[in-house]
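Report on the following structure.
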């Protein structure tokens, strides 16, 4: 397809995303357009507020910026009241500048308000043309463009039928390390080197714990594992940003329910919990067999991951563990 068709293609795909997925898409586009900058979705959604935090920092510049992402129908234009509310949100957050990105367009009064306030506006055509120029959502093949299905497949819910992909079985058994890695993702561009340096973990653990965050729904993977010139990069989802904000503020009562929801929604834990609630208890060997039967892993690989799966399972208040000749997981919910 040519550039025009490619632009129409990314528009269709962008409009089909959920509101939060669209924010993550905008975060990816911004990060690709400004490689030195760090962008991340904000922890809490507020009307007229900031959806994405940004920071450009180097030896000559230190600028904070806020971004609002509006996934509107093309017929629904952004008016000046929205720009004025956003200007107030920027002032409240102490941002140096701001940008409003929309899939539609801006009214003339909105454009005038933005110009007076020093706010940059990006309308739908500019956004989608930028995506094609930056190769976000499409690939360039000689003089033509091709859909980047692997990129778009990173959005959306996992398929809950059939064997669970091996990547969705955690190999991360320290929630303390998980918290450290999630914090480093939120404070950086989320590349492996950033995580290693900031979290003080090995490259292998940087990958394993970022993937654990992805399994929990706290992390979004921005680029496919292979077939791209880009380094794999992670960013926090809104629930991940909220979890990190609560952990940083030591608000355990608020953070723990988010973690438990993430664990319960992990495919392997969801299936295990259902089986355990019916059987009453499960030995560790049976846990290994269950992982092997429900996933794409071999039994030897399932055995290596069973320890982490067990740690995740017993984090749930409805599950306890009995240590004897063989560790047993017991359903205790009344």
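In the numbering used here, the protein residues as written are 1074 to 1407.
For each residue, glycine too, the CB sits at the ideal point set by N, CA and C.
Everything numeric in this text was worked out from a predicted model, so none of it was measured.
With respect to residue 1183, residue 1152 sits close: the two C-beta atoms are nearer than 7 Å. The count of Cβ pairs closer than 8 Å, one atom from the segment 1238-1246 and one from the segment 1367-1374, reaches three, so the stretches are in contact. Look at the beta carbons and you see the segment 1349-1366 touching the segment 1376-1396: at least three pairs across the two are nearer than 8 Å.
Counting along the chain, residue 1406 sits inside no alpha helix (DSSP H), nor does DSSP assign it H or E at all. Taking the Cα positions, residue 1158 is about 11 Å away from residue 1190.
In the structure shown, residue 1139 falls within a strand segment according to DSSP collapsed to helix, strand and coil.
Within the segment 1145-1224, the complete beta strand (DSSP E) runs of at least 3 residues fall at 1170-1175, 1192-1195, 1211-1214, 1217-1220. Only exposed fits residue 1107, as fewer than 16 other CB atoms lie within 10 angstroms of its CB.
For residue 1326, the enclosing alpha helix (DSSP H) starts and ends at 1325-1338.
By the Cβ test, the segment 1124-1133 is not in contact with the segment 1335-1349, since fewer than three Cβ pairs between them sit closer than 8 Å. According to DSSP, residue 1126 shares a beta bridge with 1113, 1139.
Counting only runs of at least 4 residues, the segment 1237-1281 fully encloses the following alpha helix (DSSP H) elements, listed from N- to C-terminal order: 1248-1259, 1265-1272. For residue 1366, the number of other beta carbons within 10 angstroms of its own is below 16, and it is reported as exposed.
Linking residue 1166 to residue 1384 through their CA atoms gives a straight-line distance of about 38 Å. Straight-line spacing of the CA atoms in residue 1141 and residue 1164 works out to 14 Å.
One alpha carbon belongs to residue 1155, the other to residue 1084, and they sit about 23 Å apart. In the displayed model, residue 1306 falls within a strand according to three-state DSSP.
Approximately 4 Å separates the beta-carbon atoms of residue 1282 and residue 1254; this is inside 8 Å, confirming the contact.
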